[in-house]
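Only one structure is covered here, and it is reproduced in the block below.
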Amino acid sequence: MASNDTRDRARITRIVHRLQLADAAPNPAHEGHWQAWQRQLPDWAFITWNASDLASLPAAALLERAEDPQRRAHIACYAILHAHGGLWLDPEIIPYHAFDPGWEDEELVVCNEVEAQDFCSMGFIAAAPGATALGWALETLAGMELKRKPANLETGPWLLGRALAHGPHRMLPPQTFYPYQQDEPVSSLYTRDLSNTRGIRAWANPPLPGQAQLRRALLLAERGDLRATVDALGERDSYLTRPLRTLAETARAQRSALLEAAQDKVAASRVRIDDVVPLALLKVAFFVLTEVPDLLVWQLGAGDGVTEDPLRALLVNFDPHAVLIEPDPQRFTALQQNYRNNARAGLYHCAFALDPGHTHLYLPELQKLGPAGAQAAKASLASTMPERVHPRLARFDSATRLAVEAAMTGYRVDALDIAGLLALNNDTHPGIVVADMNGGEFHFMVQMLAHGIRPFILRYPLDVLAPHEIAILDDMLKREYVSFNDGRTAIAYRSDMFQLYCNQLYVDYGIPTIYRDAFRLLLGF
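Numbered by our numbering, the letters in the sequence shown go through residues 4 to 528 in order.
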């Protein structure tokens, strides 16, 4: 019987596996996801298994009995993970937020697409070598005749669901990897909180017979997604599909007309948004990088690239041109490791300063802190303006705060000003800027705007700024940006790009965002 003490059992191996049985050319989207996962998990090995490789597994004889590709893939998943441990990922899953490192101490981690006990999805499985439940699945399959039931019942999710009762495991909530369902349009993600999502299973349009295809398109139309409705119809042209295609085109034209009528109502009043979920930073940033693929990203105070990094999902999926600066030497070393597979990211061990060349960076010497060092090491406290770090010490108890303040030590570091940052990419202006330097953000923002730089997206902290600095920045941005804040962090979207984003959300998906009140006024309710 497996022990609950993680010291007595194997940990999940840092290997990501995939299986390619067919000789067909790789799917470009799947290859893109595979590369993105290598950027997300740079410390992990990535292995592609083919048919000949399966002969090396202890379950090779069982695999030989699985004649069809679906059953063979299911059994290969169990056999590979049981023999080697590691991570099994559906090729349709794209990375999002960083993994919880605590998962690696489990024997088996799974995620079901819905809250259910009788089956378990196989899109994400992380296992230690010899995982008990996977061993049970292999033993069960070895003792039975195959092809007596459909593959999903006999070897796939329904078997895995039964296997979980025979070994320790951790079941993650569905939204961890399945934030929307097969029968929902992908636009559902705009209205979902993705803060706890680690990967997104992208559901493609399944190949369906005529009536089923029409029912799917009708369901998507009922949910307001006109783009998904048309995509679901595909190239099919019949007396059944033509009315629905016409309906989608008519609805799109009506939405566009209503949108045009609402422009003055929105422009004439201060934009008020009750629901900011569709306007979350990453959702808008994904849109911006899709529209402008060669856009440049600046991140000042990039930290280690993982801990509380608001842009990691963007950088691992798009690998955009990026300038990431971090003055803390320990965090910069981690940053280099965590973005080592990003071919287009430039990482610079320096600080921002109004006077380029060198400046002084203050950070606590952890060896002086004793027990408080562990807490301080997790916090980003390095700053060229140490007096601005005080609000971020509020998370600690008074003894730790005093110890951190006493241990703050100054170091000489390289520094760049705006001109120096621009010179790194031939004076190219950034399209997305995130600044989190524990002080200095005000001077950076003022200088950046003075240089005529107008990014599509700006993100900066408020807790290290003085009230008069926040007021000055608000005044400088209000003519060209729409801003939001949660009391600690401000996000400003440049009005032209933000309007394009909101327009698409309404015309294509029926999500009103900034136009909600204007529509109520126009429509009389």
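Even glycine gets a Cβ: it sits at the ideal position worked out from N, Cα and C.
Query, Result
"Thinking C-alpha only, which one of R173, M388, V117, A154 is nearest T135?", "R173"
"Does the contact criterion of 3 or more C-beta pairs under 8 Å hold for the stretch 39-58 versus the stretch 133-151?", "no"
"Where do the ends of the beta strand (DSSP E) carrying S486 lie?", "484-488"
"Flag this pair as touching only if the stretch 46-64 and the stretch 94-113 have three or more C-beta atom pairs under 8 Å; answer yes or no.", "no"
"What residue range is occupied by the uninterrupted alpha helix (DSSP H) comprising Q184?", "No alpha helix (DSSP H) holds Q184; DSSP gives it neither H nor E."
"Alpha carbons only, please: which of V407, R239, M125 is nearest the one belonging to A79?", "M125"
"Alpha carbon to alpha carbon, what distance is there between L144 and A168?", "16 Å"
"Where do the N-terminal and C-terminal ends of the beta strand (DSSP E) with I529 fall, by residue?", "This structure cannot speak to residue 529, because the chain is shown only from 4 to 528."
"Whole-angstrom Cβ separation of V467 and L314, contact assumed at under 8 Å?", "So it is not a contact: roughly 19 Å between Cβ atoms."
"Between which two residues does the beta strand (DSSP E) harbouring T310 extend?", "Here T310 belongs to no beta strand (DSSP E), and DSSP marks it neither H nor E."
"Residues in the same chain with beta-carbon distance under 6 Å from A224, minus the five sequence neighbours each way, listed in chain order, please.", "T232"
"Can you check whether the CB of F445 is closer than 8 Å to the CB of E472?", "yes"
"Return the CA-CA distance between R14 and S198, expressed in angstroms with no decimal places.", "26 Å"
"With the cut-off set at 8 Å, would you say P188 and R226 are in Cβ contact?", "yes"
"Give the straight-line distance between the Cα atoms of S386 and A453, rounded to the nearest whole angstrom.", "23 Å"
"If we call anything under 8 Å between Cβ atoms a contact, is A406 one with L364?", "no"
"Inspect the beta-carbon positions of P176 and V319 and report whether they are closer than 8 Å.", "no"
"For a test of the three-state rule: what should DSSP assign to I514, helix, strand or coil?", "coil"
"Which residue's Cα is closest to the Cα of C114: S259, R204, C505, I18?", "R204"
"Can you name, in chain order, every residue of its own chain whose Cβ lies under 6 Å from the Cβ of M451, other than the five neighbours on each side?", "I421"
"Across the stretch 336-355 and the stretch 472-481, are there enough close Cβ pairs to call them in contact, namely three or more that are closer than 8 Å?", "no"
"Looking at C-alpha atoms only, which residue of T431, T179, P209, Q370 is the closest neighbour of R195?", "T179"
"Measuring straight from C-alpha to C-alpha, what distance separates G443 and P296?", "29 Å"
"Quick one: which unbroken alpha helix (DSSP H) runs of 4-plus residues sit fully inside the stretch 414-499? Chain order, please.", "421-426, 444-453, 470-480"
"Taking only three categories from DSSP, how would you classify Q370?", "helix"
"Figure out for me which residue from P515, F355, A409 has the closest Cα to the Cα of Q302.", "F355"
"Please state if the CB of W52 and the CB of H20 are separated by a distance shorter than 8 Å.", "yes"
"What is the DSSP secondary structure of A288, reduced to helix, strand or coil?", "helix"
"Pick out the complete alpha helix (DSSP H) segments inside the stretch 154-228, 4 residues or longer, and give them in chain order.", "154-157, 160-166, 213-225"
"If A410 and P367 are in contact, beta carbons under 8 Å, what's the gap, nearest whole angstrom?", "4 Å"
"Quick one: grab the DSSP three-state call for S272.", "Residue placement at S272 cannot be trusted, given a pLDDT of 48 that sits under 50; what the coordinates show is reported in the next sentence. Correct three-state label for S272: coil."
"DSSP puts G146 in a beta bridge; with which residues?", "According to DSSP, G146 bridges with nothing at all."
"Considering only the beta carbon of each residue, do L285 and L317 sit closer than 8 Å?", "yes"
"In whole angstroms, what is the alpha-carbon distance linking R404 and P171?", "41 Å"
"Considering only the alpha carbon of each residue, which of E263, A265, R255, A220 lies closest to L243?", "A220"
"Assuming contact is defined by CB atoms lying nearer than 8 Å, are I96 and F127 in contact in what I supplied?", "yes"
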